[in-house]
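Report on the structure given below.
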Amino acid sequence: MSDGIYGSEAPLMGSNLLDFLVQPWISVLFAFFMLAYVYIRFRYMPIARRRLGDLSYLAVVSALMMGFQLAFYLPVVKAPAV
């Protein structure tokens, strides 16, 4: 993609995001937050509120991933077209 519309100096479309997401510290951080959510879900959330909690967790994770994509793809989008 970078060599087609953009010059060869532009980063590849998925490389920055993928390099960020496969780092060990971010994987451990995501795993910790997932375990914390599961613990809180089963320990403190009443059964009637679990569906709302799951939807809010999905919304937060989706917003984070969209933010990561925007942050890491922005240099590619701002790169001058050839």
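Counted from 1, the sequence shown has number 277 at position 2 by the working numbering; the numbering is strictly sequential. By construction, the Cβ of each residue, glycine as well, lies at the ideal position given by its N, Cα and C atoms.
Which residues in the same chain as ALA298 place their Cβ atom closer than 7 Å to its Cβ, once the five residues preceding and following it in sequence are excluded? Looking at the sequence shown, residue 298 is not Ala but Gln. Beyond the five residues adjoining it in sequence on each side, GLN298 comes within less than 7 Å, by CB distance, of no other residue in the same chain.
Considering just the uninterrupted stretch of the alpha helix (DSSP H) at VAL352, what are its terminal residues? Per DSSP, VAL352 belongs to the alpha helix (DSSP H) from 325 to 353.
Outcome for PHE374 when other beta-carbon atoms lying within 10 angstroms are tallied against a minimum of 16: The structure shown does not extend to residue 374, since the chain is modelled only from 276 to 357, so the question has no answer here.
Is PHE343 near PHE295, with beta carbons less than 9 Å apart? Taking C-beta atoms as the reference points, PHE343 and PHE295 count as a pair closer than 9 Å.
Could you give the residue range of the alpha helix (DSSP H) that holds PRO321? No alpha helix (DSSP H) contains PRO321, which DSSP labels as neither H nor E.
Anyone know if the C-beta pair for ASP329 and ARG318 falls short of 9 Å? With contacts defined by Cβ atoms closer than 9 Å, ASP329 and ARG318 do not form a contacting pair.
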